[in-house]
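Reviewing the structure listed below.
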Amino acid sequence: MITKDQIVRWLEKTAAVLQANKTYLTDLDSAIGDADHGTNMDRGFKKVMEKLPTVFDNDIGNILKTTGMTLISSVGGASGPLYGTFFMRSGMAIAAKEELSDEDLFTLLQAGVEGILQRGRPNLEDKTMYDAWAPALEAMQGALSTGMGTVEVLETAVAAAEQGMKNTIPLQARKGRASYLGERSIGHQDPGATSSYLMLNALLETVKE
Amino acid sequence: MITKDQIVRWLEKTAAVLQANKTYLTDLDSAIGDADHGTNMDRGFKKVMEKLPTVFDNDIGNILKTTGMTLISSVGGASGPLYGTFFMRSGMAIAAKEELSDEDLFTLLQAGVEGILQRGRPNLEDKTMYDAWAPALEAMQGALSTGMGTVEVLETAVAAAEQGMKNTIPLQARKGRASYLGERSIGHQDPGATSSYLMLNALLETVKE
Amino acid sequence: MKKLINDVDNVVREQLEGMALAHPDAIKVNYDPYFVVRADAPVEGKVAIISGGGSGHEPMHGGFVGMGMLDGACPGEVFTSPTPDQMYECAKAVDSGAGVLFLVKNYTGDVLNFETAAELAYADGIKVQSILVDDDAAVKDSLYTAGRRGVGATVIVEKIVGAAAEAGYNLGQCADLARKVNMYGRSIGIALTSCTVPAAGKPTFDLGDGEFEFGIGIHGEPGRQRLPMKSVDEITAMMAAAVLDDEAYSRTVREWDNEEGTWFDKELTDEPFKSGDSVIAFVNSMGGTPVSELYAVYRKLAAECEARGVKIARNLIGPYITSLEMQGCSITLVKTDDEILKFWDAPVNTLGLRWGA
Amino acid sequence: MKKLINDVDNVVREQLEGMALAHPDAIKVNYDPYFVVRADAPVEGKVAIISGGGSGHEPMHGGFVGMGMLDGACPGEVFTSPTPDQMYECAKAVDSGAGVLFLVKNYTGDVLNFETAAELAYADGIKVQSILVDDDAAVKDSLYTAGRRGVGATVIVEKIVGAAAEAGYNLGQCADLARKVNMYGRSIGIALTSCTVPAAGKPTFDLGDGEFEFGIGIHGEPGRQRLPMKSVDEITAMMAAAVLDDEAYSRTVREWDNEEGTWFDKELTDEPFKSGDSVIAFVNSMGGTPVSELYAVYRKLAAECEARGVKIARNLIGPYITSLEMQGCSITLVKTDDEILKFWDAPVNTLGLRWGA
Ligand SMILES: Nc1ncnc2c1ncn2[C@@H]1O[C@H](COP(=O)(O)OP(=O)(O)O)[C@@H](O)[C@H]1O
Ligand SMILES: Nc1ncnc2c1ncn2[C@@H]1O[C@H](COP(=O)(O)OP(=O)(O)O)[C@@H](O)[C@H]1O
Ligand SMILES: [Mg+2]
Ligand SMILES: [Mg+2]
Ligand SMILES: [Mg+2]
Ligand SMILES: [Mg+2]
């Protein structure tokens, strides 16, 4: 069971982690993009933190949708609509809930990733954030079917996301700004895959607390 | 007596001297102007050399007027109209002559300087080419009245022009581009006074040959 | 970094304030969120044309708002796509009921944000269509990249479609014309220097005194190749070849189906230029290159076109789609026909482009 | 030095060739000697307006040739005054019998060459007058210098007098109006970077990353003061003060007496701006500064004018009188009255300035 309180703390932890990793993410984006991914994500989640208190009393679905709306209207760039859609769709998927079962949590994440897919149309190994999410969802689904507890399920998912993120290093980008670099994009870790991993890891840590 | 041939050789020598001193004059102009006086004068006298053969058969007045016209239409900047007027007026002053007495030579130069005065309105010590010509004319007039020969008369004039040129060094410019520098123009020799001295000296050397 | 700015965080805002102060008769500026609309918006019965993108490309897009061109422009932070709420609010401000056409430069950020905006506007009952501009011949394939970037043709598309909207074209006709003009256009850009994004504080890339970048975009990014510096004739010949001799280019674009309320895919192929074509030739400064040098580029470009039997019917020469103070230029050629020429010649009255009015 | 040029010796020529190729409907270019005239010159019954000066200030002056502005422009080498034969031949090409007005920027070279040209034209039976533009408030006195340089006000004078000539003003009326507009105008310029004259091959001066030049001319020369870099608000406040708070300025100018065929001296005094004045505010880029930054300058300038009770009636913002690729800007304020405003608003159709046509 995941409470509304935990969801709020997840968002808070994500904001803190993205702020702490702002320069790291921007540096990753300098190598194969336009050096703004850290700034973009930090700006967006700062806004989310401003908005959060106003929707605190609403249900989880509503909180996540507000998060999505806020990201969409403050991040810009490619990651703004992608993460924005992620949270909008995840909020819609578990609308009106005040707490979540492990299956709900999976539904939530899956719907979010579905949103990324529809918006950005990434394929596996295009060197995007999807390369972190796709293995994470698959691992989570497997873990759920074996009857693990919430923490274990998420640990499995985070480990897969981390591996997916690292797997982006040797890839040549085929989506987003990095794709214009052609072969020069090889050898660098994708910034969006990295922020996605950080976000999922923040969820695990929240649940472990 | 100065022959038409000598006048032609004077112009040729001037062209050669200005070419040889192109960088020197431009360097002087870098310090207090816009670094083009040498280029300007060299461009102008190159054109004069091209034109000269076409007027070779004309009288001295005509040759000088053509020189003036050519300078005017090829030099530009401040020195173009000033030297152009100098030669136009000097040509007009001794119109139709095929050879010149020493008095004619004085008349010629005086009319030329008169042209510079009318065009540029320099005052003495404004730090311009006039600071070379004014003492030269005065010295020449004095020398003529003592009955010296052509070479001596010109030697006196050239010495005065050289002194006048050097006297521009401590002056603060009040005319032309250098005047915008205010006190920063002090300590530099005026490029136009320098080219004027070189021109008069070329006349002396021609006569001495 | 030396720029005429105050705090780097307020650069876009203060520049918009200056524009608003200077041109109250021409434009209205909205600050929360940022967008610029013509002073007389919404124009009754007219399809509204909206574009937008990162700032730093001035006069594009804010300078193209006005009679005969854009109804609204959405400026993002410098070189960063604007957000959907800007486009959505802008659409609400300019729509007169005849619908809104989004002209979107093909960068993932711009594309995704405009898509969200289109959905929001549609959900609000606004008729909306969205056309991509993707003309940068420096990008060779669309299979392994995000596709050709939108560069110089944007200006031409905005001018021509703006005139058509003014002349009473409906939304579908405007969209069809925009798609056609884009498919008729190709561009290539070069840089002699980098530019400096205010928030970054240092030049985006370093370029030696004897080098230039060939095949750049418009965001101060390095280009396809770094080459030893050449004469304007040599550089222009290379650029002209990259555009005039470019092969057919195919890709899939997403467009909005206003009946169904969904996105659908469309296969498009741009045909190469051929002898007998008539073109609009657009020689553009990246910002820091003076217009005098653009004329030297035009001189050689005209010769290269003539050598291939391509006739320059119209031209546009100056800084219209820039990358801050970057030195360099781009060439855009757009094939023309009677419809295109008519709307090119039609009056336009904006801060950045004006004739016949 | 990196520029879009071929041989440094042919820079001006090739740029003129490009202009001629690009705009055969608007202008005609003469190559020996260099001058640019409107395609429909001479215009029957109209006073012809001619200006000229060194190249490198584009679009001025060639870009201001056309209906409602100049009839002819004489480009010199880069930053070097043109020669009298250019001006004289140009005068012959544009004179329709109504006479020719020379608009001359106050630099010794320009002044002397235009004087010679006026004499040549007069000798040929052309009615001619000549008016100096000397608006650079960075130059304090006229007694110990060659007087204030002609800078930004040149553009405003050319526009307004061009419109008056189009409206049928005779030669004397055009000259009087030109003199008045010049006397109503003051300018000040700043530079963030130097520019590079092609023939010189290296920057004219070096400026540290933390410095700017205050009180520059338009030939890439250093200014009155070198100062530590400041914010746009601080820089604009200094510039605004240099113009708005400048004292009365007196000098003697030479004008041509067309009856007598001689030059005569004229004493002129420009009065300071005062509360209640209405002005045209012109914020100009020296070339390399993007128009977006000019809006930040305008924003502060508007506040400075308002603080002094000076009303901005019209404005012009962009690169109009430049120094090659120099980064920096200038501010020009010209007091207006009904006559000036009427001719400012009148249609103009040139490559560099266009409205109402
Ligand atoms: N089409 C796409 N689908 C999924 N993710 C994408 C796509 N394009 C880009 N991304 C992700 O977005 C990240 C870049 O985000 P960001 O730097 O904030 O935006 P921008 O590229 O517009 O500057 C990339 O690292 C990549 O993970
Ligand atoms: N008003 C003037 N009267 C006489 N000589 C002048 C005047 N103004 C400038 N000069 C002379 O012209 C010289 C500069 O010539 P030059 O460099 O060729 O022209 P510019 O200053 O236009 O670049 C100065 O050194 C000075 O001797
Ligand atoms: Mg990025
Ligand atoms: Mg000089
Ligand atoms: Mg970005
Ligand atoms: Mg000069």
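Chains as they are written, first to last, in our numbering: chain A, 143 to 351; chain B, 143 to 351; chain C, -3 to 353; chain D, -3 to 353.
We treat Cβ as the ideally placed atom computed from N, Cα and C, and that holds for glycine.
- Residues of the same chain with a CB within less than 6 Å of the CB of A/Ala335, apart from the 5 flanking positions on each side, are Met271, Asp273, Ala274, Met307, Thr310 in chain order.
- When secondary structure is reduced to three states using DSSP, B/Asp332 falls in the coil class, being assigned neither helix nor strand.
- Per DSSP, reduced to three states, the secondary structure at D/Gly49 is strand.
- With a threshold of 16 other beta carbon atoms within 10 Å, D/Phe75 meets it and is buried.
- Each residue's CA atom was taken as its position, placing A/Lys317 and A/Gly329 some 16 Å apart.
- In this structure, the C-beta of B/His179 approaches ligand 2 to less than 8 Å from one of its heavy atoms.
- For C/Thr248, the three-state secondary structure derived from DSSP is strand.
- Rounded to whole angstroms, D/Glu73 and C/Leu297 show a C-alpha spacing of 24 Å.
- The C-beta separation of D/Met322 from D/Gly283 comes to about 5 Å, placing the pair in contact by the 8 Å criterion.
- When the beta-carbon positions are compared, D/Ile122 and D/Leu97 stay at least 9 Å from each other.
- The C-alpha of B/Gly254 lies about 15 Å from the C-alpha of B/Ala299.
- A Cβ of chain A is located within less than 9 Å of the beta carbon of C/Tyr140.
- The stretch 221 to 232 of chain B and the stretch 251 to 270 of chain B touch, with no fewer than 3 CB-CB distances between them shorter than 8 Å.
- In this chain, the beta strand (DSSP E) harbouring C/Ile127 covers 124 to 129.
- Minimum Cα-Cα distance from D/Pro218 among the listed residues D/Leu188, D/Asp205, D/Ile231 corresponds to D/Leu188.
- Under DSSP, C/Arg34 shares a beta bridge with C/Ile23.
- Taken through DSSP and simplified to helix, strand or coil, B/Met290 comes out as coil.
- Counting C-beta pairs closer than 8 Å gives fewer than three between the stretch 256 to 266 of chain D and the stretch 309 to 316 of chain D, which falls short of the contact rule.
- Distance between A/Met282 and A/Asp171, taken at the CA atoms: about 28 Å.
- Boundaries for B/Ile311: no beta strand (DSSP E) harbours it, and the DSSP string shows neither H nor E there.
- For the options C/Glu256, C/Thr200, C/Asn280, C/Lys262, the alpha carbon positioned closest to that of A/Ile174 is the one of C/Thr200.
- With respect to the C-alpha of C/Arg222, the residue from C/Thr232, C/Ala277, C/Leu203 having the closest C-alpha is C/Leu203.
- Listed along the chain, the chain A residues whose CB falls inside 7 Å of the CB of C/Gly105 are Gly218, Gly219, Ala220.
- Boundaries of the alpha helix (DSSP H) around C/Ile336: 334 to 341.
- Membership of A/Gly203 in the alpha helix (DSSP H) is indicated by the continuous run 202 to 217.
- In the three-state DSSP reduction, D/Phe201 falls in the coil class, being neither helix nor strand.
- When DSSP states are grouped into helix, strand and coil, D/Val43 belongs to the coil group.
- Proximity of B/Thr227 to chain D, defined by a Cβ-Cβ separation below 9 Å, is satisfied.
- Residue side-chain check: B/Arg263 places its Cβ nearer than 8 Å to a non-hydrogen atom of ligand 2.
- Rounded to the nearest whole angstrom, the CA to CA distance from C/Pro20 to D/Ala87 is 41 Å.
- If you draw a straight line from the Cα of C/Ala37 to the Cα of C/His57, it is about 16 Å long.
- Secondary structure note for C/Ala113: its alpha helix (DSSP H) is the uninterrupted segment 104 to 119.
- Assigned with DSSP and collapsed to three states, C/Phe210 falls in strand.
- Across the stretch 68 to 79 of chain D, CB contacts with chain B closer than 8 Å involve Gly72, Glu73, Phe75, Thr76, Ser77, Pro78, Thr79, in sequence order along the chain.
- Spatial neighbours of C/Ile336 in its own chain (CB-CB distance under 7 Å, excluding positions within 5 residues in sequence) are listed in chain order as Ile156, Val177.
- Close partners of C/His215 in chain A (Cβ separation under 9 Å): Asp176, Arg319.
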